[in-house]
Amino acid sequence: MSTPHLGAEPGAFADTVLLPGDPLRARHIAEQFLDGAVEVNRVRGMLGYTGSYRGRPISVLGSGMGMPSCLIYATELIRAYGVRRLLRLGTAGSLQRDLKLGELVLATAASTDSSLNRRRFDGMDYAPPAGFALCRRIAEVAEPNGATLRAGGVFSTDRFYSDDPALLPLLERMGLLAVEMEAAALFGIAVEHGVEAGCLLTISDELHSGQRFSASQREEGLALATRIALDALA
Ligand code: HPA
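Under our numbering, think of the first position of the sequence shown as 5, with each following residue one higher.
Printed below as a string of structure tokens:
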């Protein structure tokens, strides 16, 4: 049985799935980090693989950009393939002046300008948290990997290009660390189904200074986050 967006056979995904936004990043992770990876999905070019890391079966699947896309894949993985742990691996813009390019953010909760979780929660404001056990594992393995990790709230936005000049100061004042586009959807669907979700982000833009990663910096930054994510999951 496949789903509308995943052509994988039943059982083709491991119970743990790493979710980069970019399907080519999923292929890169499968080729460079996993043992014995086989392709399990290519519907709509959203590449997915299953292999193992330190002997533990792990899948990696692109989530696409934005909450609707991420939510489609997370829902189908959980409901149709029985996935129990989902870890988003992505990039984000820094909202705090002391959070610099290349630093890692562990999202513990996600605020959003999307109505998605409000609709899930009968019009009230729902604060979707990350899974604690997964956060703890990521925090534990970050240091031996030579990374400093900032943990805290992030902002999941529907709009990459916002024209509201008041938004950045507001997000900064409310103590949110970084802006990205998927975590609130992923955490919401995970909590609702009693499965565990997490989100590990590499700062690729500083919104205050306008500084941004070069292509090689992006590669290096994501390699560190990938290693930490896989060590945490294995
Ligand atoms: N906004 C939203 N998502 C992002 C950004 C950003 O500035 N940088 C990386 N992902």
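C-beta: ideal position from N, C-alpha, C; glycine also. Bear in mind that the values here come from a model prediction, so they are computed numbers and not experimental data.
Ordered along the chain, which non-local residues of its own chain (more than five positions away) have a Cβ less than 6 Å from that of residue i?
| i | result |
| --- | --- |
| Y164 | Per the sequence shown, the amino acid found at residue 164 is Phe instead of Tyr. Closer than 6 Å at the Cβ level, and outside the excluded window around F164, lies no residue. |
| A41 | A34, Y53, G55 |
| R216 | D209 |
| A236 | R141, I142, V145 |
| G25 | S67, M69, G94 |
| S31 | A quick correction: the sequence has Arg, not Ser, at residue 31. The residues are L51. |
| T20 | I62, R89, L237 |
| A84 | T7 |
In whole angstroms, give me the CA-to-CA distance for residue i and residue j.
| i | j | result |
| --- | --- | --- |
| R88 | S166 | 34 Å |
| A148 | A238 | Strictly speaking, residue 148 in this sequence is Pro, with Ala absent from that position. Those two C-alpha atoms are separated by around 15 Å. |
| E43 | L51 | 7 Å |
| G225 | E13 | 33 Å |
| Q221 | C74 | 25 Å |
| A113 | G135 | 9 Å |
| Y57 | D39 | 6 Å |
| V109 | Q100 | 11 Å |
| Q36 | D117 | 35 Å |
| L234 | I82 | 20 Å |
| A29 | L105 | According to the sequence shown, residue 29 is Arg rather than Ala. Straight-line Cα distance between these residues: approximately 19 Å. |
| H247 | S213 | This structure cannot speak to residue 247, because the chain is shown only from 5 to 238. |
| E127 | S119 | In the sequence under discussion, the amino acid at residue 127 is Gly, which differs from the Glu named in the question. Their backbone Cα atoms lie some 9 Å apart in a straight line. |
| A170 | A219 | 30 Å |
| G15 | D168 | 45 Å |
| E223 | R154 | 20 Å |
| A194 | D162 | 19 Å |
| A227 | G150 | 12 Å |
Spatial neighbours of residue i within its chain, please: CB distance less than 8 Å, with the 5 preceding and 5 following residues excluded, ordered by chain position.
| i | result |
| --- | --- |
| R124 | Y130, G192, E196 |
Are residue i and residue j touching if we call contact CB-CB under 8 Å?
| i | j | result |
| --- | --- | --- |
| E80 | T152 | no |
| A137 | S160 | no |
| L205 | A111 | yes |
| C139 | G202 | yes |
| I207 | E107 | yes |
| L172 | V158 | no |
| E184 | A78 | no |
| A18 | I76 | no |
| E200 | M71 | no |
| P229 | L103 | A small correction: the amino acid at residue 229 is Ala; Pro does not occupy that position in the sequence shown. No, the pair does not count as a contact, with Cβ atoms beyond the cut-off. |
| N45 | G86 | no |
| S115 | L211 | no |
| G49 | P27 | yes |
Here's a check: name, in chain order, each residue in its chain whose Cβ is nearer than 7 Å to the Cβ of residue i, leaving out the five neighbours to either side.
| i | result |
| --- | --- |
| N121 | Y130, P132, A188, G192 |
| V47 | H9, L10, G11 |
For a test of your reading of the model: does the CB of residue i fall under 7 Å from any non-hydrogen atom of the ligand NAP? Yes or no.
| i | result |
| --- | --- |
| M178 | Absent from the structure shown: the ligand NAP. Ligands present: the ligand HPA. |
Quick check: is the beta carbon of residue i nearer than 8 Å to any beta carbon in chain B?
| i | result |
| --- | --- |
| E184 | Judged by its chain identifiers, the structure shown contains no chain B, having just a single protein chain. |
Is the region 165-177 touching the region 50-68 in the sense that three or more CB pairs, one from each, lie closer than 8 Å?
With a cut-off of 8 Å, the region 165-177 and the region 50-68 do not count as touching, because too few Cβ pairs lie within range.
Stretch pair the region 119-132 + the region 76-96: three plus CB contacts closer than 8 Å:
no
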